């Protein structure tokens, strides 16, 4: 025990008060360190869970791969000779599963809705629909993968391999669509061949990039992966070789081989694809779990140390409080003038533990801050890796700030343009795509990487680019970079696709829309609230123009007609060429077109190669949505009106009327019944005599077709023959008529009727096809001499004999010995130049000249026809004789033969034989 001096007591009291204050400060710092540790734990856990979430999102691409693989495989399986129904079911199931998963996927609403729309289109309309599923899937998978890929340790390698894998599966899907479309035809069309040629060019190029990228990520010790790469190379070589064979010889295309090769290629590709997806996902999930585990260990250790130091500080504060109490008591003793006290205050340095506690606290805080600095360095290193990858890329790469200013570009970008700084996106992106690009950049700045196709301007050169917009973590760093734009040049591919689209939607001769493109325009027009009109135009006897002036002149006429339509409907309609000599115009409003004036404009004389050519057209119109609300019904209605327009001699404009549909439906029913009539033997030939006016003898007879319907009774040929010609049943009917006529001629051969010549009618449609000529050749071979007892009549119609096919068929029949006649002469406006060249022996004057209302006034015309026929050395038969005076008058004019009700109505063969006997009994002995 020692006594303290008053000075020592004061000093000790001062020091103990200072220690107490400093200890409280340390306690507060400890609490702050605890708060910092909690914040650090929260951020680290967020980072760990972000890695795990990114891994799960990338793993979520696998169902997309499965669905896309099954849909593509279904396309390829349809190339085989026998359809695989199980594969179709698998594709539908995969799409349904993908549809269920879409709402839970963290993607932009636009990308999700686009994929949902295409899946629904596939589910409702099937694979024949004009869907964009493969493109939509590519966009969505690009968004998912490239948004998360920046967290991977192998960002550069994986960016390259996944870019190529995504583009390859899109190209394979589209290739499968093209091949299926080509497979459904007897021979691929020119458009299909162009698409296959493009496929043949694009697939090997993408294949080389993909193989190189896969070798970079598949380790040497992965034997299975390397074998899959080798299989992909072999199958792609075989696939392209089979495509070459298809292009060389489409008729011998081996679609089954293409299907097998593509399926084996896809199996290997998706095996590697899913393997790398799982590898990246596992890497990120493992890293996330490791970050979370380390965060908790560090937090618990830090909290333990902080609480230990706080406990030590609390103990020191308690000791300091006791010392202060003792010193206070000692001071009170001195205050009472007591010289001694019984208290003992130890003399030791109590400040050292406090200093150690302070140092430990600051070390903990510094460690936590250093950990944040390490994270910052890691992010900078990741940026450096990305920048290194982009600088070496052969595609243009741009670095953008948050206000879309171009900060820098890689070597490829500098090759395309001299300016690399202080550009804005407005100067680079084509104005038509600028708003879309801004939206994509805005979404990217929010943390969602984007993909977009757009046009870019490089020194007045426009390139079509496929752009990946990649956002930089933390948005802007000290360099100011917020976004990277990786641009893949698709200009050549776009031009090929544009060329294919041009062929698919536009007519190459006139530049107007073709039928496919026009139907798309009609679909859009019918969805719009504005009513409009559809007009179709058909050039009458266009083949005659080709035959007279040549095909080059015919093409020039079509071009000129298209230009007239284009200029006439500027701002008011969309013109198209929907057939060889058929045009159509979709008029945006109703009642704004003077169709009589339009007819005059189109029919105004054309100057072709210095010659003036007159053209006649048929025109039909229909209103929408008044008369039709769907494309098919709209086209059907205007086609029905066109049939009526073509039946009119003057070819005036014809509006569609509802009764036309009823009439057309009736003709469709009759067409079906007419098919049955041929099989059920409801057709029958009646015979009408032809009288020699000089002798009164029966020279021959005409076989006239009749249809006895079991319910409708006898149906006039004027009704069912046009129906047969439209449906090409006329060929079957024509051959039946010839066969029945031959049978009857052979049956009469040994009777008194054996000397008669029987006339059978042929349709121009039969002569155009040529089948009837082959049939008549066979008939002559089976029945020698039959050509001397038969006469073939061809009905005259406008321009019919200008068709070279008709003229050639008549020449062939004439050379075989068949007699030929023109029926209904005077009604078809035949050219006299053609008439003089035709290999015919007889003209038949139409009954309208003999028994019509103008019969009396037609006498000079009849005399002229008879003289013309005699000049050309043709016999003349006058139809429609109903009075004896008519026959006598025609005899005086020099007409050789007559036919009509005055002599006999058309009657069956057995009745004709009876009539023949009775008629000869009535003849005078002379």
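Residue numbers (the working numbering): 2 to 927. Yeah, the Cβ is synthetic: ideal placement off N, Cα and C, and Gly gets one too. Please read all numbers here as calculations on a predicted model, not as lab measurements.
Cβ contact annotation for residue 721 (same chain, cutoff 8 angstroms, sequence separation greater than five): 671, 675, 708, in chain order.
In this structure, the straight-line span from the alpha carbon of residue 643 to that of residue 619 is close to 7 angstroms. Here residue 647 is exposed. Its C-beta has fewer than 16 other C-beta atoms within 10 Å.
When DSSP states are grouped into helix, strand and coil, residue 904 belongs to the coil group. For residue 619, the uninterrupted beta strand (DSSP E) segment begins and ends at 618-625. The distance from the Cβ of residue 535 to that of residue 587 is about 6 angstroms, consistent with a contact at the 8 angstroms cut-off.
When secondary structure is reduced to three states using DSSP, residue 690 falls in the strand class. Annotation for residue 234: the continuous alpha helix (DSSP H) segment containing it runs 224-249.
Nearest to residue 582 by C-alpha distance, out of 570, 544, 133, is 544.
In this structure, residue 914 lies near residue 754, with their beta-carbon atoms less than 8 angstroms apart.
In the DSSP annotation of this structure, the continuous segment of the alpha helix (DSSP H) that includes residue 913 starts and ends at 910-923.
The three-state secondary structure of residue 455, taken from DSSP, is strand. The Cβ-Cβ distance between residue 538 and residue 584 falls below 8 angstroms.
The beta-bridge partner set that DSSP reports for residue 406 consists of 425. Within the model, the alpha-carbon separation for residue 35 versus residue 291 is close to 22 angstroms.
In the structure shown, residue 537 adopts extended strand secondary structure according to DSSP, grouped into three states. If the five residues before and after residue 565 are omitted, its C-beta is found closer than 7 angstroms to the C-beta atoms of 602, 603, all from its own chain and listed in chain order. By the CB criterion at 8 angstroms, residue 138 and residue 69 fall inside the cutoff.
Comparing alpha-carbon positions, the option among 160, 894, 678 lying closest to residue 734 turns out to be 678. Residue burial annotation: residue 257 is exposed, with fewer than 16 other C-beta atoms found within 10 angstroms of its C-beta.
In the DSSP assignment, residue 487 falls within the beta strand (DSSP E) that extends over 484-490. For residue 185, no alpha helix (DSSP H) run applies, since DSSP gives it neither H nor E.
Taking every protein chain shown into account, the CB of residue 173 has 16 or more other CB atoms within 10 angstroms, so this residue is buried. Residue range 86-102 is occupied by the alpha helix (DSSP H) that includes residue 96. Looking at the DSSP output, residue 655 sits in a beta bridge with 621.
Fewer than three Cβ pairs drawn from the stretch 98-113 and the stretch 299-312 lie within less than 8 angstroms of each other, which leaves the two stretches out of contact. In this structure, 263 is the residue among 437, 263, 407, 504 with its C-alpha nearest to the C-alpha of residue 73. The continuous alpha helix (DSSP H) containing residue 634 extends over residues 632-648. Secondary structure of residue 847 (DSSP, three-state): coil. Sorting 610, 596, 605, 630 by C-alpha distance to the C-alpha of residue 622 places 596 at the top. Straight-line measurement puts the Cα of residue 115 at about 16 angstroms from the Cα of residue 125. Burial is judged here by how many other beta carbons sit within 10 angstroms of a residue's own beta carbon; residue 568 has fewer than 16 and is exposed. The DSSP-derived three-state label of residue 594 is coil.
When 486, 306, 526 are compared, the shortest CA-CA separation from residue 450 is found for 486.
Of the candidates 482, 489, 466, 489 places its Cα closest to the Cα of residue 396. Collapsing the DSSP output to three states places residue 570 in coil.
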